[in-house]
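Chemist: Going by the working numbering, the sequence shown runs without a break in its numbering and finishes at 479.
A virtual CB, placed ideally from N, CA and C, is assigned to each residue, including glycine.
Next up is a structure, given as structure tokens.
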Amino acid sequence: MRARAALVPLMVLILTAGCVVEEPLDDDGGPGPAPTATEVSADADGTDSPEEFTRDIEAAQEVAEEYWGQRLGAGFSPVRQLIAYEQEGDVACAQEPLPRNNAVYCSAGDFIAYDVNWAYAAFRQIGDAFLFYLLGHEYAHGIQARLGIRKQFTIEQELQADCMAGAFIGDKAREGRLRMQDDDTRELADGLEAVGDQPGQPWFAEGSHGTAEQRMDAFAGGYQNSLESCGL
Ligand SMILES: [Zn+2]
Numbered sequence: 248m249r250a251r252a253a254l255v256p257l258m259v260l261i262l263t264a265g266c267v268v269e270e271p272l273d274d275d276g277g278p279g280p281a282p283t284a285t286e287v288s289a290d291a292d293g294t295d296s297p298e299e300f301t302r303d304i305e306a307a308q309e310v311a312e313e314y315w316g317q318r319l320g321a322g323f324s325p326v327r328q329l330i331a332y333e334q335e336g337d338v339a340c341a342q343e344p345l346p347r348n349n350a351v352y353c354s355a356g357d358f359i360a361y362d363v364n365w366a367y368a369a370f371r372q373i374g375d376a377f378l379f380y381l382l383g384h385e386y387a388h389g390i391q392a393r394l395g396i397r398k399q400f401t402i403e404q405e406l407q408a409d410c411m412a413g414a415f416i417g418d419k420a421r422e423g424r425l426r427m428q429d430d431d432t433r434e435l436a437d438g439l440e441a442v443g444d445q446p447g448q449p450w451f452a453e454g455s456h457g458t459a460e461q462r463m464d465a466f467a468g469g470y471q472n473s474l475e476s477c478g479l
């Protein structure tokens, strides 16, 4: 249940949704100050700084926890830990060292781990929406674990996670918690060629995530129609 390096081009699909801006929470409690709305523009100075990256990661985690807490109620517990790593083997999941250029939800330890340099590069290249997608996808694996969902094939598990990530972002946008802006869909079209599994990858293979079109459809279904699209 890992997001392989092929996830990087997948992030292009997020560009259909444009930029993600986290809206401040109302003053209804919660620890710490309400997060500030984050203006996002790929071209603006300072929006791809390491500090902005860290803020966006934290915001994505916070909004994901909020979302699934609302959805699952008492059945929800947050994913235990979010771990950034830099080198292969810095973090292991069930004794298996995590490689570079990857992000993973590890059910054995109930944590999400990501190669911070890889994620930061993608963030700079694609934008902050990448981080919301990435966290949304890996968090969805954590939710699958909580719900006891184990599909027969990897691709089913992965496409459902894409759908759940779409639902997370779409629902939070509808709620006004995330502010989405339409963006150039041509970038998506251009990127679609690079998205998803390579042609010839058997769909039933261990590690298959789906073709570009399948992943796009899964994400878009959740984004537009919420969790019902994901079979939840
Ligand atoms: Zn995955």
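Buried or exposed, going by whether 16 or more other CB atoms sit within 10 Å of the CB of L394?
Modeler: Flag for L394 reads exposed.
Chemist: Output yes or no for whether 9 Å exceeds the beta carbon distance between H480 and A412.
Modeler: The requested residue 480 is not part of the displayed model; the chain covers only 248 to 479.
Chemist: Please report the Cβ distance between S473 and D418, rounded to the nearest whole angstrom; I am assuming they are in contact, meaning their Cβ atoms lie under 8 Å.
Modeler: So it is a contact: roughly 5 Å between Cβ atoms.
Chemist: Am I right that F379 and A465 are in contact with their C-beta atoms under 8 Å? What's the rounded C-beta distance?
Modeler: Wrong, their Cβ atoms sit about 16 Å apart, outside the cutoff.
Chemist: For ligand 1, is there a heavy atom less than 8 Å away from the beta-carbon of A408?
Modeler: The answer is yes for A408.
Chemist: Label D275 either buried or exposed according to how many other C-beta atoms from any shown protein chain fall within 10 Å of its C-beta, with 16 as the threshold for buried.
Modeler: Low confidence applies to D275: its pLDDT is 40, below 50, so where it sits in the model is not reliable, and the reading given next is rough at best. D275 comes out exposed.
Chemist: Measuring alpha carbon to alpha carbon, tell me which residue in I416, A459, P346, Y386 is nearest N364.
Modeler: Here the closest residue by C-alpha is P346.
Chemist: So, at 8 Å on beta carbons, what are the nonlocal neighbours of Q404 in its own chain, with the 5 sequence-adjacent residues on each side left out?
Modeler: If we look at Q404 and ignore the five residues flanking it on each side, its Cβ neighbours are M248, H388, Q391, I396, R397, K398.
Chemist: Can you determine whether any heavy atom of ligand 1 sits closer than 8 Å to the C-beta of Y352, and answer yes or no?
Modeler: Checking the Cβ of Y352 against ligand 1 gives yes.
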